[in-house]
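Numbered per the UniProt record's numbering, the sequence shown spans residues 1 to 141.
Beta carbons: idealized from backbone N, C-alpha and C, even for Gly.
Take a look at the structure set out below.
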Amino acid sequence: MTDVPAPATLYAQIPYRDASAALRWLERAFGVVTVAEWPDDLGGIQHAEIRLGDACATVFTDRAGYARPEPRGESVGFGLVLTLASPAQVDEIFRSAVAAGAGVVFEPADTEWGNYRFRVRDLEGYEWTFGTYRPGEAQQW
């Protein structure tokens, strides 16, 4: 038997003031699945794991009062990016996000580099971008 090291993975930790409400909203808006959820002693969430395909993030109740960036124009300038298989999936998640009350930063559109994407803000102001971008693959210029 050969020991094959697991590939490196990257995931986000996202603090929410109301993590329980955020989880339910993320499920409705983006179709994420909450695969684990542990409460804390104060009625919040100590740790929760969400997934969409192979993408994973953790969510927890923000008891420390972490600073949130202020938008400059329409955007805070950073956020989470999830890659999807097709423009149809991008459009589907955009529609459900808007129906759930997401703030639109920009609507689905093609980019010069061959990505079809949109960006929205969730209920606590975090920005989420969904698109067809494939990191590491040559893009269309």
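- The way I'd put it, the region 98-111 doesn't touch the region 44-63; fewer than three beta-carbon pairs between them come closer than 8 angstroms.
- Taking C-beta atoms under 8 angstroms as the contact rule, Arg119 and Trp128 qualify, at a distance of about 7 angstroms.
- In this structure, Gly79 sits near Tyr126, with a CB-CB distance shorter than 8 angstroms.
- Contact between Tyr116 and Pro87 is confirmed by a C-beta separation of about 5 angstroms, below the 8 angstroms threshold.
- For the pair Tyr16 and Glu107, the CB atoms are not nearer than the 8 angstroms cut-off.
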